[in-house]
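Below is one structure; the comments refer to it alone.
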Amino acid sequence: MMRLMIAAALVTASTLSLAGLAWADRQQALDETHPVIAQLALRDRIVTITAAPQGRLYAIADETGEILSAGLTEEQLTEQYPELADLLQPAIAEDGTGLFMLAPVID
68 MMRLMIAAAL VTASTLSLAG LAWADRQQAL DETHPVIAQL ALRDRIVTIT
118 AAPQGRLYAI ADETGEILSA GLTEEQLTEQ YPELADLLQP AIAEDGTGLF
168 MLAPVID
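If you're matching positions, the sequence shown starts at 68 in this note's numbering and goes up one per residue.
What follows is the structure, encoded as structure tokens:
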């Protein structure tokens, strides 16, 4: 009987410690997130752009939402996903006084 109680206590303690570790990892991941600037839903990819202290960071997910890459800089995005970088480049606003319109104007 004593062995059963010790085994039950060990199982309970290990389960609680694993749950605590999972919660700590989740909390750390939440603390490391940055504000979302934009999220673009394309046919087969979802691109999330965040504002980090070092500049824009990109996360790429498939159409189901599974993260393929996260925390990519512009250079890494260009290397790993050149077609997405080409698609996103005209949409990035830079400093300047002029207004730009990317859509065609129909008279």
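The beta carbon of each residue, even a glycine, is placed where N, CA and C say it ideally should be.
None of the values given here were measured: they were computed from a predicted structure.
How about H101 and A119: do their beta carbons lie closer than 9 Å?
-> For the purposes of this step, residue 101 is taken as the residue at position 34 of the sequence shown. For the purposes of this step, residue 119 is taken as the residue at position 52 of the sequence shown. Closer than 9 Å, so yes.
Top-ranked residue by Cα proximity to L144, from A126, V103, R70 and L109 = Counted from its first residue, the sequence shown places residue 144 at position 77. The residue with the shortest Cα to Cα distance from L144 is A126.
Among E146, G138 and Q121, which residue has its Cα nearest to the Cα of V114?
-> In the sequence shown, residue 114 corresponds to position 47, counting from 1. Cα-wise, what sits closest to V114 is G138.
Report the rounded CA-to-CA distance for A108 versus Q121, giving the unit in angstroms.
-> The residue labelled residue 108 in the question sits at position 41 within the sequence shown. The residue labelled residue 121 in the question sits at position 54 within the sequence shown. Computed Cα separation, rounded: 25 Å.
Where T117 sits in the DSSP three-state scheme | The residue labelled residue 117 in the question sits at position 50 within the sequence shown. Strand, per DSSP.
Could you tell me if L135 is buried or exposed, where buried requires 16 or more neighbouring beta carbons within 10 angstroms of its beta carbon?
-> Numbered from 1 along the sequence shown, position 68 holds the residue referred to as residue 135. Per the 10 Å Cβ criterion, exposed.
Which of the three DSSP states, helix, strand or coil, is assigned to R93?
-> On the sequence shown, residue 93 is found 26 positions in, with the first residue counted as 1. The predicted model places R93 with a pLDDT of 43, which falls under 50 and marks its position as unreliable; any figure quoted below should be read in that light. It is helical.
Residue from I73, Q156 and R110 with nearest C-alpha to G132 | Here residue 132 is taken as the residue at index 65 of the sequence shown, counted from 1. Looking at the Cα atoms, R110 is the closest of the given residues.
Identity of the residues DSSP links to L139 by a beta bridge = Taking the sequence shown and counting its residues from 1, one reaches residue 139 at position 72. Answer is Y125.
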